[in-house]
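If you want the working numbering, it's the position in the sequence shown, counting the first as 1, plus 3.
The beta-carbon is built from N, C-alpha and C at its ideal position, and this holds for glycine as well.
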Amino acid sequence: MMDAGRSFSGNERNCFFINMGNGKFSDISGISGLDFPDDGRAISTTDWDGDGDIDMWISNRNGPRLRLMRNDAQKENSFISILLKGNGTTVNKDAVGTRVEILGQDNSDSGHQIQTLRAGQGFLSQSSKWIHFGLNKNLNNISIKINWPDKSVENITGIEPNNRYVIKQGIPTAKSISKRSENLELNFTPALKKAPTQTARIPAITLFKGPKINLKKSGVKVGNDAGRKHQLINLWATWCGPCLEEMAQFRDHKKALEENSIELIALNVDGLGQLNSKSKKPSAVIKNLKFPFPSVPANEALMNILQRIHDQNVGLNEPLPIPSSFLINPDGNVSVIYKGPVSVEQIIEDTNHSSKVLIDRIKASSLVKGSTIKHPKAIQRLVDHEASLHARHARNWYTAGDMRGAIHHYEKASKLQPSSNEISSKLASCYFNFATQLDKQKNKLTAVDFYRKGLKIIPQNNAARNNLAWILASSSNKNIRNPRESLSIANKLNAETNNQIPQILDTLAAAQAANGQFENAVKSADLAISKLKKNTPLTKSIEERLNLYKQKKSLSISKD
Numbered sequence: 004m005m006d007a008g009r010s011f012s013g014n015e016r017n018c019f020f021i022n023m024g025n026g027k028f029s030d031i032s033g034i035s036g037l038d039f040p041d042d043g044r045a046i047s048t049t050d051w052d053g054d055g056d057i058d059m060w061i062s063n064r065n066g067p068r069l070r071l072m073r074n075d076a077q078k079e080n081s082f083i084s085i086l087l088k089g090n091g092t093t094v095n096k097d098a099v100g101t102r103v104e105i106l107g108q109d110n111s112d113s114g115h116q117i118q119t120l121r122a123g124q125g126f127l128s129q130s131s132k133w134i135h136f137g138l139n140k141n142l143n144n145i146s147i148k149i150n151w152p153d154k155s156v157e158n159i160t161g162i163e164p165n166n167r168y169v170i171k172q173g174i175p176t177a178k179s180i181s182k183r184s185e186n187l188e189l190n191f192t193p194a195l196k197k198a199p200t201q202t203a204r205i206p207a208i209t210l211f212k213g214p215k216i217n218l219k220k221s222g223v224k225v226g227n228d229a230g231r232k233h234q235l236i237n238l239w240a241t242w243c244g245p246c247l248e249e250m251a252q253f254r255d256h257k258k259a260l261e262e263n264s265i266e267l268i269a270l271n272v273d274g275l276g277q278l279n280s281k282s283k284k285p286s287a288v289i290k291n292l293k294f295p296f297p298s299v300p301a302n303e304a305l306m307n308i309l310q311r312i313h314d315q316n317v318g319l320n321e322p323l324p325i326p327s328s329f330l331i332n333p334d335g336n337v338s339v340i341y342k343g344p345v346s347v348e349q350i351i352e353d354t355n356h357s358s359k360v361l362i363d364r365i366k367a368s369s370l371v372k373g374s375t376i377k378h379p380k381a382i383q384r385l386v387d388h389e390a391s392l393h394a395r396h397a398r399n400w401y402t403a404g405d406m407r408g409a410i411h412h413y414e415k416a417s418k419l420q421p422s423s424n425e426i427s428s429k430l431a432s433c434y435f436n437f438a439t440q441l442d443k444q445k446n447k448l449t450a451v452d453f454y455r456k457g458l459k460i461i462p463q464n465n466a467a468r469n470n471l472a473w474i475l476a477s478s479s480n481k482n483i484r485n486p487r488e489s490l491s492i493a494n495k496l497n498a499e500t501n502n503q504i505p506q507i508l509d510t511l512a513a514a515q516a517a518n519g520q521f522e523n524a525v526k527s528a529d530l531a532i533s534k535l536k537k538n539t540p541l542t543k544s545i546e547e548r549l550n551l552y553k554q555k556k557s558l559s560i561s562k563d
């Protein structure tokens, strides 16, 4: 809902009602000073300043996240506050569930009030354990009736207005407590609200893998140290005035960018979507600007990746404006996103952002200064949330068909949550899928590596075991070929499948031949053929290999 630009709040102001004492309530939201247009969540009540009236702490989903609303209204009436203590055996020590009744003069209904002590009340709220009663100024002779949760009843007399009392179960008197002496005064500060701006700097908390732009493919010369630099991808258009001003700034600060190991790539978006009437030829604009950095045309696939990274970092999923820039660290992770023009000084300063640990990236990304909760549970929640973000982003890469990106983020998630079977299983699936892709691309050395990685997580994946054994038995590359291991894998796999799977029997035959066991290879190949229909592509392939085995020759597939 938030991603689509909608709100959890209907922009409704807070409401406040007063009990009129006649069974009716009156709306005093406006005159109370509580009718803020906040997206309010929880309220807890307490006599924070000890002046005998109830103050409120209010938490909000949006800023300000916390408000203290101190009750400084003029008052003529009285109060009493009571703290209950259970006996710890038949009644809990906090006395939760105890009902307290205030009895007026002669036990009449005048001034009669009832409250029950609760551990929590309302949404995510727990107020003070002090039970507060507001009293009529004429009420002096006060009695208290206490109904404990174990059904015992006690009556306490001699209660004076404008006092605080501790009452322990089983003791028929109330102990008066003086007002606390420490100063809890909080200095008032106005809510900070920055003026609207046409630019936004978005430091990343979770470091998502950025896109790779093949400059060589675009005819741009690339230095040997390009992979060890920060990279700034800058989106621009020929019709965009702020873009051209920003690019002129980049041009004028070329030396500063190079000295700080920042490689700039201008990504032109003129060719995407409907052409603007003010569009010009990008190469002519670059030449006229004397722009010293490479500029390449954007494509839909690349823009989709950048938009997806933006949407993962920003709650409101709006299209990227022009200009926008993405700062990518030497490890290929997006460090900071800039919407609108950005200064070279800010870019240089931000090159250190991605080197910070998670908790420091959170602090650096906050618009409001504050401190972090260092409790182990709070830290674990941060880690779990970080892992879930990496896992979600990995799914996006997987859906897009980019196994490298999916693997990168599932590995991050798995490192953060090593005990998660779900994440480990998905990581293994990516390893296997990527290994299969590499195998088809004849990159068998790397394919073997990823099959092994996947099998460390899920050792019983039969397809991966069979593919690995096949490569080890058939490759002509001495760095890959391993007949002994291939035979060991194939024998176990065939035994587990009871000689029933022709593809596994085919691999077993190849492994046997690689180990010089040609008679066994012929038998395994014959058995595989017998389990297949005639004249299928696989049948014909196995028959060709069978002829090799009969000639005492093993498979040796090149182009590895």
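- Bridge pairing for residue 266: 234 [DSSP].
- Taking the Cα positions, residue 36 is about 28 Å away from residue 184.
- The stretch 527-540 makes contact with the stretch 500-515; the number of CB pairs closer than 8 Å reaches 3 or more.
- The Cβ neighbour count for residue 285, taken over all protein chains shown within 10 Å, is at least 16; the residue is labelled buried.
- Of the other Cβ atoms in all chains shown, 16 or more fall within 10 Å of the Cβ of residue 406; this residue is therefore buried.
- Residue 231 holds the alpha-carbon nearest to the alpha-carbon of residue 265 among 231, 255, 245, 282.
- Cβ neighbours of residue 336 within its own chain (closer than 7 Å, five residues either side excluded): 210, 211, 212, 213, 357.
- According to DSSP, residue 20 shares a beta bridge with 30.
- A distance below 8 Å between beta-carbons, with the five flanking residues on each side excluded, links residue 355 to no residue of its chain.
- For residue 156, the uninterrupted beta strand (DSSP E) run begins and ends at 156-162, by DSSP.
- Using a Cβ distance threshold of 8 Å, residue 206 and residue 347 do not count as a contacting pair.
- Boundaries of the beta strand (DSSP E) around residue 330: 327-331.
- Secondary structure at residue 178: strand, using DSSP grouped into helix, strand and coil.
- Nearest to residue 506 by C-alpha distance, out of 517, 333, 493, is 493.
- A contact is defined here as three or more CB-CB pairs under 8 Å, and the stretch 130-139 meets this definition with respect to the stretch 62-81.
- Listed in chain order, the non-local C-beta contacts of residue 45 below 7 Å within the same chain comprise 62, 125, 126, 127, 128, local neighbours out to five positions each way being set aside.
- A direct Cα-to-Cα measurement between residue 182 and residue 43 gives close to 31 Å.
- Residue 393 has its alpha-carbon roughly 51 Å from the corresponding atom of residue 76.
- By the neighbour-count criterion, in which a residue is buried when 16 or more other Cβ atoms sit within 10 angstroms of its Cβ, residue 313 is buried.
- According to DSSP, residue pairing for residue 58 in a beta bridge involves 49.
- CA-to-CA, the gap between residue 498 and residue 455 works out to about 21 Å.
- In this model, residue 412 and residue 384 are separated by some 18 Å (Cα to Cα).
- By the C-beta criterion, the stretch 140-155 is judged not to be in contact with the stretch 67-74, since fewer than 3 inter-stretch pairs fall below 8 Å.
- Residue 370 and residue 397 have their alpha carbons spaced roughly 28 Å apart.
- Distances from the alpha-carbon of residue 33 to those of 22, 16, 27 put 16 closest.
- For residue 449, there is no enclosing beta strand (DSSP E); the residue is part of the alpha helix (DSSP H) that begins and ends at 447-460.
- With respect to residue 330, residue 306 sits apart: the two C-beta atoms are not nearer than 8 Å.
- Annotation: residue 68 to residue 463 spans about 50 Å, alpha carbon to alpha carbon.
- One thing to note: residue 478 has its Cβ no nearer than 8 Å to the Cβ of residue 487.
- Beta-bridge analysis with DSSP links residue 271 to 239, 300.
- Burial is judged here by how many other beta carbons sit within 10 angstroms of a residue's own beta carbon; residue 253 has at least 16 and is buried.
- The three-state secondary structure of residue 119, taken from DSSP, is strand.
- Exposure of residue 300 is indicated by the presence of fewer than 16 other C-beta atoms within 10 angstroms of its C-beta.
- Counting the other CB atoms within 10 Å of its CB gives residue 326 a total of 16 or more, which places it among the buried residues.
- In this chain, the alpha helix (DSSP H) harbouring residue 285 covers 285-292.
- Its chain contains 237, 239, 326, 344, 345 as the residues whose beta carbon lies nearer than 8 Å to that of residue 249, once the 5 sequence neighbours on both sides are disregarded; these appear in chain order.
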